[in-house]
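Participant: Take this structure, written in structure tokens, and hold onto it; I'll ask about it next.
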Amino acid sequence: MLLIDVVTTSSAVAATRSRKQKVAVIADLLSRAAAGPELEVVTSYVGGALLQRRTGVGWRGLASLPDPAAEASLTVVGVDATFERLARISGPGSQAARAAAVTQLFAAATADEQSWLRGLVTGELRQGALDALVQEGLAVAVGLPVAAVRRAAMLAGSTVAIARAAVEGGETALAAIGLEVGRPVLPMLASSAPTVAEALVKVGGEGAVDTKLDGIRVQVHRLGDGGSPADDTVLVVTRSLDDITARLPEVVEVARSLPARSFVLDGEVLALDAAGRPRPFQETASRTALQDGVAGVRVTPFFFDLLHVDGRDLLDSPGTARAAALEALVPAEFRVPRLVTSDVEAAEAFTRHVLAAGHEGVVVKDLAAPYAAGRRGAAWVKVKPVHTLDLVVLAVEWGSGRRQGLLSNIHLGARDDAQPGGFVMLGKTFKGMTDEMLAWQTKRFLGLAEGPTDGYVVRVRPEQVVEIAIDGLQASTRYPGGVALRFARVVRYRDDKAAGEADTLETVKELSR
DNA sequence: TTCCGACAGTGGGGTCGCAAT
DNA sequence: ATTGCGACCCCACTATCGGAA
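In the numbering used here, the protein residues as written are 5 to 517.
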């Protein structure tokens with residue numbers, strides 16, 4: 005199959021807003037690829053992703069491209085082979101070698117193929133379809149229920165991994181794909197609610213209120229076969245299923261200490277201080293990102309779910325059964341603190357206690373629900389406190405994609421006499437804006453524009469106050485105040501406040517305490 | 001007919017390792 | 001030693017489609 009066939013399909017997907025239409029187009033492509041060796045590559049590409057996790061090529065490496073080819077000749081299999089080679093380049097001289105390989109590949113691509121390949125490599129294809137619609141397309145192509153495809157993909161960790169089974173073995177083959185210890189499962193995700201009371205309603209009135217820890221999500225597999233310690237393999241993966249076993253020996257040690265030979269646990273790791281209080285997220289992130297492990301900071305795992313233990317699959321069991329099995333396997337010191345209740349006031353009191361202990365919030369869980377791998381369902385609902393600040397807009401950036409032609413991303417400042425203009429920048433945000441607000445702010449900030457612009461950032465007179473919601477503050481080397489906003493989003497523009505009444509750096513910093 | 005769950009898009013800050021300067 | 005890039009950790013929110021109610 006030629007690459008141009010995938011590119012043409014991608015254009016057709018992007019050309020319609022109807023999801024059913026997108027699915028039909030994807031299904032057509034997949035059925036044409038089904039018999040060939042390129043099924044996996046096409047499945048991946050049509051969802052906007054390379055098969056290779058890392059290639060060493062990003063937006064910068066694609067900044068200048070050779071003249072495009074006149075005729076389409078690239079094959080899907082050939083392109084994948086090129087990226088496979090690219091991904092293996094390393095060591096001194098690797099940047100030049102990668103650049104040469106990129107130039108060679110792109111010189112053989114037509115103009116359409118070039119821009120599509122660029123999107124594929126940078127992960128910004130923006131055709132309006134990702135993995136979820138590919139699963140639907142695959143289901144249509146092979147004539148099977150979407151649920152069967154989706155479930156197999158969740159258990160195998162990806163859609164690509166089950167495409168061949170779907171095509172060649174049909175429903176029987178898909179059904180045979182179960183949870184396998186040692187093969188990561190897509191993790192269950194949570195939706196969110198503003199209050200514990202609303203979260204409890206969402207899960208049906210009664211639920212487990214879990215402490216939400218501010219760390220790194222981990223899935224821990226132990227595949228002991230009862231034999232020698234050499235056979236006692238432990239696997240630790242992140243939310244995106246990357247193997248980080250070698251970085252977290254403490255977690256491996258805890259896994260080996262548990263009284264079962266094989267299991268799959270879901271939890272969170274984080275760094276604690278001597279008193280057992282959580283350290284800032286940045287410390288956990290730093291420690292977890294270190295390749296060769298044990299540098300100073302130790303992390304501790306806290307588990308909140310159990311998907312399998314000694315031959316027993318628990319994925320489809322209700323939360324109550326999984327919780328019971330978890331309690332039997334994992335001692336309390338390595339479990340997330342939990343309260344099971346239907347009483348709103350008890351849940352709120354527990355949440356206050358959790359926050360006072362320095363944690364991020366709570367996750368309210370429906371104890372009747374199974375473990376819905378990969379889904380962001382209503383069975384788990386997170387609740388985190390929100391802080392708000394009144395800040396001043398210092399500059400705005402032109403948006404892209406559907407925000408093309410609109411001023412989108414705003415630069416946020418607090419009052420600070422120590423700074424030359426009287427304001428110190430604390431971060432940016434593009435979140436929380438409705439289409440109406442985008443239109444309004446584009447006009448408003450063009451009216452406030454002053455000074456030179458690079459065509460991307462528009463500096464404005466610091467007059468517009470905006471109410472910003474944040475999850476908290478973090479240490480920053482990027483901004484002169486030494487702090488940056490975490491997860492900032494717009495609540496509303498405040499025309500009742502002048503810039504001189506905005507929050508100061510001092511009051512912002514108070515928040516961290 | 002209205003409601004709501006699922007999806008995709010639009011980007012944020014921080015951290016590391018690596019290669020080039 | 002510093003700098004820039006790529007990759008990945010955490011993530012919020014709105015618009016839209018289409019099935020459920």
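Every residue gets a Cβ at the ideal spot worked out from N, C-alpha and C, and that includes glycine.
The model shown is predicted, which means the values in this text are computed figures rather than measured ones.
Comparing alpha-carbon positions, which option in A28, F308, E337 lies nearest A325?
Facilitator: To locate residue 325, count along the first sequence from 1; it is residue 321. For the residues A28, F308, E337, the minimum Cα distance to A325 belongs to F308.
Participant: Would you report the Cα separation of P282 and E352, rounded to the nearest angstrom?
Facilitator: If you number the first sequence from 1, residue 282 lands on position 278. If you number the first sequence from 1, residue 352 lands on position 348. Taking the straight line from one Cα to the other gives about 21 Å.
Participant: On a Cα-Cα basis, can you pick out the residue from V428, F449, Y483, D458 that is closest to T508?
Facilitator: For the purposes of this step, residue 508 is taken as the residue at position 504 of the first sequence. Closest by alpha carbon: V428.
Participant: Kindly indicate which residue of F267, I93, A289 has the alpha-carbon position closest to the one of S273.
Facilitator: By one-based count along the first sequence, residue 273 stands at place 269. A quick correction: the sequence has Val, not Ser, at residue 273. Ranking F267, I93, A289 by Cα distance to V273 puts A289 first.
Participant: Return the CA-CA distance between R102 and R92, expressed in angstroms with no decimal places.
Facilitator: As a first step, residue 102 must be located in the first sequence, where it is residue number 98. As a first step, residue 92 must be located in the first sequence, where it is residue number 88. Looking at the two C-alpha atoms, the distance is approximately 10 Å.
Participant: Ignoring anything shorter than 4 residues, give me the alpha helix (DSSP H) runs that lie fully in the segment 323-389, in order along the chain.
Facilitator: 323-333, 348-360, all fully within the segment 323-389.
Participant: So the alpha helix (DSSP H) A111 belongs to, where does it begin and stop?
Facilitator: Here residue 111 is taken as the residue at index 107 of the first sequence, counted from 1. First-last of the alpha helix (DSSP H) with A111: 98-111.
Participant: Evaluate the contact criterion for the segment 398-408 versus the segment 487-495: three or more CB pairs, one atom per stretch, below 8 Å.
Facilitator: no
Participant: Would you check if the distance between the CB atom of Q478 and the CB atom of V396 is smaller than 8 Å?
Facilitator: Walking along the first sequence from the start, residue 478 turns up at place 474. Walking along the first sequence from the start, residue 396 turns up at place 392. Going by C-beta atoms, Q478 is not nearer than 8 Å to V396.
Participant: Apart from the five residues just before and just after D135, which ones in its own chain have a Cβ nearer than 6 Å to its Cβ?
Facilitator: Here residue 135 refers to the residue found at position 131 when the first sequence is read from its first residue. Contacts found: G51, T163.
Participant: From A105 to L294, what does the alpha carbon distance come to, in whole angstroms?
Facilitator: Indexing the first sequence from 1 puts residue 105 at position 101. Indexing the first sequence from 1 puts residue 294 at position 290. Answer to the nearest angstrom: the Cα atoms are 30 Å apart.
Participant: Counting only runs of 3+ residues fully inside the segment 427-453, write out the beta strand (DSSP E) ranges in chain order.
Facilitator: 427-433
Participant: Helix or strand or just coil, what does DSSP make of L252?
Facilitator: Position 248 of the first sequence holds residue 252. Here L252 sits in coil by DSSP.
Participant: Can you look up W402 in the DSSP assignment and give me helix, strand or coil?
Facilitator: On the first sequence, residue 402 is found 398 positions in, with the first residue counted as 1. Residue state, collapsed to three classes: strand.
Participant: Measuring only the C-alpha atoms, how far is G378 from P198?
Facilitator: Residue 378 sits at position 374 when you count from the first residue of the first sequence. Residue 198 sits at position 194 when you count from the first residue of the first sequence. Rounded to whole angstroms, the gap between the alpha carbons of G378 and P198 is 23 Å.
Participant: With distances taken from CA atoms, which of R23, S516, G60, S346 is nearest P284?
Facilitator: The count along the first sequence starts at 1 and reaches residue 284 at position 280. Of the residues R23, S516, G60, S346, the one whose Cα lies closest to the Cα of P284 is S516.
Participant: Have a look at V238 and L252 and give me their C-alpha separation to the nearest angstrom.
Facilitator: The count along the first sequence starts at 1 and reaches residue 238 at position 234. The count along the first sequence starts at 1 and reaches residue 252 at position 248. Cα-Cα distance, rounded: 11 Å.
Participant: Which of the three DSSP states, helix, strand or coil, is assigned to G504?
Facilitator: As a working note, residue 504 is residue 500 in the first sequence. Helix, per DSSP.
Participant: Taking 6 Å as the limit between beta carbons, can you name the residues of its chain near T511, skipping five residues before and five after?
Facilitator: Along the first sequence, read from residue 1 onward, the residue named residue 511 stands at position 507. For T511, where only same-chain residues beyond five positions count, there are no Cβ hits under 6 Å.
Participant: Going by DSSP in three states, D211 sits in which element: helix, strand or coil?
Facilitator: Here residue 211 is taken as the residue at index 207 of the first sequence, counted from 1. Residue identity differs from the one stated: residue 211 is Gly in this sequence, not Asp. Strand at G211.
Participant: Given this structure, state the Cα-to-Cα distance separating L2 from D247, to the nearest angstrom.
Facilitator: Because residue 2 is not part of the residues shown, which for the chain are 5 to 517, the question remains open.
Participant: For A179, which option in S196, A376, L148, L7 has the closest C-alpha, if you only look at C-alpha atoms?
Facilitator: To locate residue 179, count along the first sequence from 1; it is residue 175. Of the candidates S196, A376, L148, L7, the one whose C-alpha sits nearest the C-alpha of A179 is L148.
Participant: Within 10 Å of its beta-carbon, does S15 have 16 or more other beta-carbons around it, so buried, or fewer, so exposed?
Facilitator: Within the first sequence, residue 15 is the residue found at index 11, counting from 1. It counts as exposed.
Participant: Give me the Cα-Cα distance between A376 and E364, rounded to the nearest whole angstrom.
Facilitator: Residue mapping note: residue 376 aligns to position 372 of the first sequence, counting from 1. Residue mapping note: residue 364 aligns to position 360 of the first sequence, counting from 1. Computed Cα separation, rounded: 23 Å.
Participant: How far does the alpha helix (DSSP H) with I30 in it reach, from first residue to last?
Facilitator: By one-based count along the first sequence, residue 30 stands at place 26. Counting along the chain, the alpha helix (DSSP H) containing I30 begins and ends at 23-37.
Participant: Is there contact here, the segment 416-434 with the segment 448-458, by at least three beta-carbon pairs under 8 Å?
Facilitator: Contact fails: fewer than three Cβ-Cβ distances are below 8 Å.
Participant: What are the partner residues of E272, as DSSP defines its beta bridges?
Facilitator: Indexing the first sequence from 1 puts residue 272 at position 268. Answer is R221, F306.
Participant: Let me check understanding here. Comparing Cα to Cα, which of R154, V11, A372, E514 lies closest to V83?
Facilitator: For the purposes of this step, residue 83 is identified with residue 79 of the first sequence, where counting begins at 1. Closest option to V83, Cα to Cα, is V11.
Participant: For R23, collect the residues of the same chain with a Cβ closer than 6 Å to its Cβ; drop the 5 residues on either side in sequence, then sort them by chain order.
Facilitator: Position 19 of the first sequence, counted from the start, is the residue given in the question as residue 23. Contacts found: none.
Participant: V144 and A31 look like a contact to me (Cβ under 8 Å); what is the Cβ gap, rounded to whole Å?
Facilitator: Indexing the first sequence from 1 puts residue 144 at position 140. Indexing the first sequence from 1 puts residue 31 at position 27. The Cβ separation is near 4 Å, so the contact holds.
Participant: G409 lies in the alpha helix (DSSP H); which residues open and close that run?
Facilitator: In the first sequence, counting from the first residue as 1, residue 409 sits at position 405. Unbroken run through G409: none, as it is neither H nor E.
Participant: Within 10 angstroms of its Cβ, does R130 collect 16 or more other Cβ (buried), or is it exposed?
Facilitator: The residue given as residue 130 occupies position 126 in the first sequence. Exposed, because fewer than 16 other Cβ atoms sit within 10 Å of the Cβ of R130.
Participant: For K432, which residues from the same chain have a beta carbon less than 8 Å from its beta carbon, with the 5 sequence-adjacent residues on both sides left out?
Facilitator: To locate residue 432, count along the first sequence from 1; it is residue 428. The answer, listed in chain order, is E401, N413, I414, H415, L416, A492.
Participant: How is R493 classed by DSSP in three states: helix, strand or coil?
Facilitator: On the first sequence, residue 493 is found 489 positions in, with the first residue counted as 1. If DSSP states are grouped into helix, strand and coil, R493 belongs with the strands.
Participant: Pull up the distance between the alpha-carbon of A115 and that of E175, whole angstroms please.
Facilitator: Translated into the one-based positions of the first sequence, residue 115 becomes position 111. Translated into the one-based positions of the first sequence, residue 175 becomes position 171. Rounded to the nearest angstrom, the two C-alpha atoms are 40 Å apart.
Participant: Helix, strand or coil for R291, going by three-state DSSP, please let me know.
Facilitator: Locating residue 291 in the first sequence gives position 287, where the first residue counts as 1. In this structure, R291 counts as helix in the three-state DSSP scheme.
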